Structure formats: C-alpha cells, structure tokens
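Going by numbering that gives the first Met the number 0, the residue at position 64 of the sequence shown is 63; the numbering climbs one at a time, nothing skipped. Below is one structure, written out as structure tokens; the observations come after it.
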Amino acid sequence: MTTERSTPIEKYALLSDTHTAALAAEDGGIDWLCLPRFDSQAVFTALLGTEEHGHWLIDAPGARVTDRIYRGDSFVLETTWESDTGTAVVTDFMPMDPD
Numbered sequence: 000m001t002t003e004r005s006t007p008i009e010k011y012a013l014l015s016d017t018h019t020a021a022l023a024a025e026d027g028g029i030d031w032l033c034l035p036r037f038d039s040q041a042v043f044t045a046l047l048g049t050e051e052h053g054h055w056l057i058d059a060p061g062a063r064v065t066d067r068i069y070r071g072d073s074f075v076l077e078t079t080w081e082s083d084t085g086t087a088v089v090t091d092f093m094p095m096d097p098d
C-alpha cells in the first residue's frame, strides 16, 4: 500500500555504502533508494511525494522520535522512539561491499 508522503527535506538522513544511497525519513520510512548503484533505477521513490511512489516503513504507533544521531564518524544512523509503554532504538545502515 502506498500513501502520499510529505516529508520536509531536513527530516531526512543519508545512508550510503559508497556505491548507492538511501534517504531515511524521521518517521522510519526509506523514501529514496537506487539499487545497486547511484545511477540505477530507483526502488523507493516516495520522495517525489505522490501516491504511486513507494517506500519502506518501520513504524511504532503512538511513539515519537526523541533522538536521531549518526554513530561516531559513520553513516550508521540510530533513531530512538519513545512512547508511554517503552523505548525502541532503530539502527539503519547499508553494509559495505568488501570489493
């Protein structure tokens, strides 16, 4: 299922493995991803904002993002979600190709 998305550009974080990149929205969505390289066709294109463009989403209903940081000097992104019933930390990254 796709829905229209309207995420301000400053709410995105960059994930990369040096061959391609993804844009991760603060709400847990991957809204832009080209695989396997930057110049490949896009797999997720919700950044374009219309209903026919897809995304991948991990969600914590009722939770809010309280912290979002890159680990050290890396593209490993940690997002902390909090709700009345608990806390969850989601770690996003793109593994590096050994070649």
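The beta-carbon is built from N, C-alpha and C at its ideal position, and this holds for glycine as well. Computed from a predicted model, the values in this text were never measured in an experiment.
If we ignore side chains and look at the alpha-carbon of each, how far apart do residue i and residue j end up?
i: L13; j: T78; result: 13 angstroms
i: L34; j: Y11; result: 19 angstroms
i: I8; j: T86; result: 26 angstroms
i: L47; j: L22; result: 12 angstroms
i: E81; j: M93; result: 24 angstroms
With distance defined between alpha-carbon atoms, name the residue in the options nearest to residue i.
i: D72; options: E9, T6, P7 and S15; result: S15
i: D58; options: V75, Y69, I29 and H18; result: I29
i: S100; options: A20, A45 and E50; result: Coverage of the chain is limited to positions 0 through 98, which leaves residue 100 absent and any answer about it impossible.
i: E50; options: A23, V88 and S5; result: S5
Is the beta carbon of residue i less than 8 angstroms from the beta carbon of residue j?
i: A41; j: W31; result: yes
i: D96; j: L76; result: no
List the whole-angstrom C-beta distance separating residue i from residue j, where the pair is believed to meet the contact cut-off of C-beta under 8 angstroms.
i: A62; j: H52; result: Not confirmed; about 25 angstroms, so no contact.
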